[in-house]
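Peer 1: Have a look at the structure that comes next, please.
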Amino acid sequence: MKVIRRFAGGVVAIAAGALLLAACGSATNANTVTMALPPSFAANYIFPLEPPGKFTTANDQYLAYLMWRPLYWYGVGESPVINTQLSLADLPVWSANSKTVTITLKPYKWSDGQAVTTRDIQFWQDLMNVEKTNWGAYVPGAYPDNITSMTVLSPSTFQLHLNKAYNHTWFLYNELSQITPIPQQVWDKTSASGKVGNYDMTPAGAKAVYKYLNSASDSKSTWTSNPLWQVVDGPWKISQFTPSNGQATFVPNKAYSGPVKPTISKFEELPFTVDSAEYNQITSGSGPDIGYVPWQDVNSQKSRIAKLGYTISPWIIFSFNYMQLNLNSAGVGPILSQLYVRQALQDVIDQPEVVAGPYGGYAVPSYGPVPVAPANSFADSFEKSNPFPFSTTKAKALLASHGWTIESGVE
16 MKVIRRFAGG
26 VVAIAAGALL
36 LAACGSATNA
46 NTVTMALPPS
56 FAANYIFPLE
66 PPGKFTTAND
76 QYLAYLMWRP
86 LYWYGVGESP
96 VINTQLSLAD
106 LPVWSANSKT
116 VTITLKPYKW
126 SDGQAVTTRD
136 IQFWQDLMNV
146 EKTNWGAYVP
156 GAYPDNITSM
166 TVLSPSTFQL
176 HLNKAYNHTW
186 FLYNELSQIT
196 PIPQQVWDKT
206 SASGKVGNYD
216 MTPAGAKAVY
226 KYLNSASDSK
236 STWTSNPLWQ
246 VVDGPWKISQ
256 FTPSNGQATF
266 VPNKAYSGPV
276 KPTISKFEEL
286 PFTVDSAEYN
296 QITSGSGPDI
306 GYVPWQDVNS
316 QKSRIAKLGY
326 TISPWIIFSF
336 NYMQLNLNSA
346 GVGPILSQLY
356 VRQALQDVID
366 QPEVVAGPYG
376 GYAVPSYGPV
386 PVAPANSFAD
396 SFEKSNPFPF
406 STTKAKALLA
416 SHGWTIESGV
426 E
């Protein structure tokens, strides 16, 4: 559950997960909004091209996205769809039997006054092409492997040529979502003292640039002093960062050229190591303006939290929880590899009871890899119907039909 405190100037909310709290009344500083981050959400990498070990929600959605906008923005309210208003480019245009996609940028500017252009897209692509295995979202055969070349038509328009035709919706939501313009006029260098050039235009040069940016990103103590990270095209700039715990403060990018400009002077992210520490601050009355309530405490503590001036609402994220079965385990791997065993396991998972019990009603059953909440057009009838309703009787019969027996009354 999320909780939000109302303060002079309105209400600010950043998408995340669980249940969000919002406090009413006056914040400690009416021009500053504080937000609690869940455990393990402290940022530790600032360069948007995040390697596998640093490819986290904390580093992209709670840090990089505030400062460097991806080419396309996703989410309109709770609906998981493309947001044309907040995207940096117009919707793609397809041609050549869906093997060429043409994209035109909107007139955004970097905080140093330079325009966001196709050169910034090319810079990203050049680094990605030589360092794709250091991209946390990389899957062999997918982006950027499925892009054979890029053609720059003008400072605002470019084309991507693909190795085959792809479903337009899939490519827009899964592949184009991975592209982020980055400031070539500032970042295309191989050392802190070196001059900006066009090093990315050769594989060796691109590798040297990546090595430098990766090293600078790992230097968390210099994030606020390094001029690299002060050139942004998003609505916020980082002004303070505490490496030991990940606490971050952002101030408005006064040159932000996009819509929905900041209306406060500071935004602070407050990491917590455990849920109970954040919850104790909330209930003591000294909590952040935006926070969250652990699932187990929501229903029993609603009235108490409301009396502290908070409003409570679901914080819906487009995702689902699942169990990862170790099919490679030497002991149980061969057993779990049998389809009927996995079906029997599913038969004894009572999703409605789990939703009503541990989650206090703040969850929905999931029956496939596409979430059914929030409402969306991607989840079809198969995602919404349960192929394995809870039934211990069916699970026992299935196991018995394959030679399993119950011993000593233990099921």
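Note that the numbering used here has the sequence shown beginning at 16, numbered continuously upward. Even for Gly, the Cβ is constructed at its ideal location relative to N, Cα and C.
1) Would the stretch 142-158 and the stretch 220-237 be scored as touching if the rule is three or more Cβ pairs under 8 Å?
2) Please report the residue range of the alpha helix (DSSP H) in which isoleucine 350 lies.
3) Excluding sequence positions up to five away, which residues of its chain have a Cβ less than 8 Å from the Cβ of tyrosine 214?
4) Could you tell me the distance, in whole angstroms, from the CA atom of proline 349 to the CA atom of tryptophan 125?
5) Under 7 Å Cβ to Cβ from glycine 25, same chain only, skipping five residues before and after it: list those, please.
6) Helix, strand or coil for valine 211? Go by DSSP, reduced to three states.
7) Straight-line CA distance for threonine 172 to leucine 120?
8) Return helix, strand or coil for lysine 252, following the three-state DSSP convention.
9) Which class does methionine 165 belong to by DSSP, given the choice of helix, strand or coil?
10) Rounding to the nearest angstrom, what Cα-Cα distance links threonine 407 and leucine 360 in this structure?
11) Cβ atoms of glutamine 358 and phenylalanine 403: under 8 Å apart, would you say?
12) Does DSSP put threonine 47 in a helix, a strand or coil?
13) If the criterion is Cβ atoms closer than 8 Å, does the pair tryptophan 251 and leucine 81 meet it?
14) In the DSSP assignment, what are the bridge partners of lysine 124?
15) As a quick exercise: from Glu284, Val201, Thr184, pick the residue whose alpha carbon is nearest that of alanine 130.
16) What's the call for tyrosine 153, buried or exposed, on a 16-neighbour Cβ count within 10 Å?
17) Can you tell me the Cα-Cα spacing of serine 41 and alanine 263, whole angstroms?
18) Provide the residue(s) that pair with glutamine 262 in DSSP beta bridges, ordered along the chain.
19) What are the boundary residues of the beta strand (DSSP E) that includes phenylalanine 173?
20) Work out the CA separation of phenylalanine 397 and glutamate 368 for me, nearest whole Å.
21) Should isoleucine 327 be flagged as near chain B, meaning a C-beta pair shorter than 8 Å?
22) Between the Cα of tyrosine 123 and those of Asn268, Glu293, Ser334, Ile297, spot the shortest distance and give me the residue it belongs to.
23) Contact between the stretch 329-343 and the stretch 377-388 is defined here as three or more beta-carbon pairs at a separation below 8 Å; is this criterion met?
24) Please identify the residue among Asp290, Lys322, Ser110, Ser400 whose C-alpha is closest to the C-alpha of glycine 300.
25) Sorted by chain position, which residues of the same chain lie with C-beta nearer than 7 Å to leucine 453's C-beta, five sequence neighbours on each side aside?
26) Does the stretch 57-66 come close enough to the stretch 231-245 to have 3 or more Cβ pairs within less than 8 Å?
27) Taking DSSP as the reference, what is the three-state secondary structure of threonine 288?
28) Going by other Cβ atoms of all chains shown within 10 Å of its Cβ, with 16 needed for buried, is proline 67 buried or exposed?
29) Output the distance between the C-alpha atoms of proline 218 and aspartate 75, rounded to the nearest integer angstrom.
30) Nearest CA to the CA of proline 196: which residue from Leu228, Gln137, Lys179?
31) Applying the criterion that 16 or more other CB atoms from any shown protein chain within 10 Å of the CB defines a buried residue, is aspartate 304 buried or exposed?
Peer 2: The short version:
1) yes
2) Indexing the sequence shown from 1 puts residue 350 at position 335. Looking at the DSSP string, the run of the alpha helix (DSSP H) that includes isoleucine 350 is 348-351.
3) Along the sequence shown, read from residue 1 onward, the residue named residue 214 stands at position 199. Excluding positions up to five away in sequence, the list reads Asp203, Lys204, Thr205, Gly220, Ala221, Ala223, Val224.
4) Locating residue 349 in the sequence shown gives position 334, where the first residue counts as 1. Locating residue 125 in the sequence shown gives position 110, where the first residue counts as 1. C-alpha separation (whole angstroms): 55 Å.
5) The sequence position of residue 25 within the sequence shown is 10, counting from 1. With a pLDDT of only 27 at glycine 25, under the threshold of 50, the placement of this residue in the model should not be trusted, and no figure is reported.
6) For this step, residue 211 is matched to residue 196 along the sequence shown. Valine 211 falls in the coil class under three-state DSSP.
7) Counting from 1 along the sequence shown, the entry for residue 172 is found at position 157. Counting from 1 along the sequence shown, the entry for residue 120 is found at position 105. The alpha-carbon atoms of threonine 172 and leucine 120 are separated by roughly 6 Å.
8) As a working note, residue 252 is residue 237 in the sequence shown. In the structure shown, lysine 252 sits in a strand (DSSP, three-state: E or B).
9) Residue 165 sits at position 150 when you count from the first residue of the sequence shown. Correct three-state label for methionine 165: strand.
10) By 1-based counting over the sequence shown, the position of residue 407 is 392. By 1-based counting over the sequence shown, the position of residue 360 is 345. Their backbone Cα atoms lie some 9 Å apart in a straight line.
11) Translated into the one-based positions of the sequence shown, residue 403 becomes position 388. Translated into the one-based positions of the sequence shown, residue 358 becomes position 343. In contact: phenylalanine 403 and glutamine 358 (Cβ atoms closer than 8 Å).
12) Residue 47 sits at position 32 when you count from the first residue of the sequence shown. The answer is strand: DSSP assigns threonine 47 an E or B state.
13) The residue given as residue 251 occupies position 236 in the sequence shown. The residue given as residue 81 occupies position 66 in the sequence shown. In this structure, leucine 81 lies closer than 8 Å to tryptophan 251 by Cβ.
14) One-based indexing of the sequence shown puts residue 124 at position 109. Paired residue(s): Ala130.
15) Along the sequence shown, one-based indexing puts residue 130 at 115. The option with the nearest alpha carbon to alanine 130 is Val201.
16) Working through the sequence shown from its first residue, we reach residue 153 at position 138. Tyrosine 153 is buried by the Cβ-count criterion.
17) Your numbering for residue 41 matches position 26 in the sequence shown. Your numbering for residue 263 matches position 248 in the sequence shown. Reliability fails at serine 41, whose pLDDT of 41 lies under 50, so the model's placement of it is uncertain and no value is given.
18) Within the sequence shown, residue 262 is the residue found at index 247, counting from 1. Beta-bridge pairing links glutamine 262 to Thr257.
19) Counting from 1 along the sequence shown, the entry for residue 173 is found at position 158. Element bounds for phenylalanine 173: 172-177.
20) Working through the sequence shown from its first residue, we reach residue 368 at position 353. Working through the sequence shown from its first residue, we reach residue 397 at position 382. Cα-Cα distance, rounded: 21 Å.
21) Among the chains in the structure shown there is no chain B, since it carries only a single protein chain.
22) Sequence index remark: in the sequence shown, residue 123 carries index 108 (1-based). Per the Cα distances, Asn268.
23) yes
24) Here residue 300 is taken as the residue at index 285 of the sequence shown, counted from 1. The shortest Cα separation from glycine 300 among Asp290, Lys322, Ser110, Ser400 belongs to Lys322.
25) Any answer about residue 453 is impossible in this case: the structure gives the chain only from 16 up to 426.
26) Contact between the stretch 57-66 and the stretch 231-245 is present, because at least three Cβ pairs lie under 8 Å.
27) Position 273 of the sequence shown holds residue 288. In the displayed model, threonine 288 falls within coil according to three-state DSSP, outside both helix and strand.
28) For the purposes of this step, residue 67 is taken as the residue at position 52 of the sequence shown. Proline 67 should be labelled exposed.
29) By 1-based counting over the sequence shown, the position of residue 218 is 203. By 1-based counting over the sequence shown, the position of residue 75 is 60. Straight-line Cα distance between these residues: approximately 26 Å.
30) Translated into positions along the sequence shown, residue 196 becomes position 181. Per the Cα distances, Gln137.
31) Counted from its first residue, the sequence shown places residue 304 at position 289. Buried, by the Cβ-count rule.
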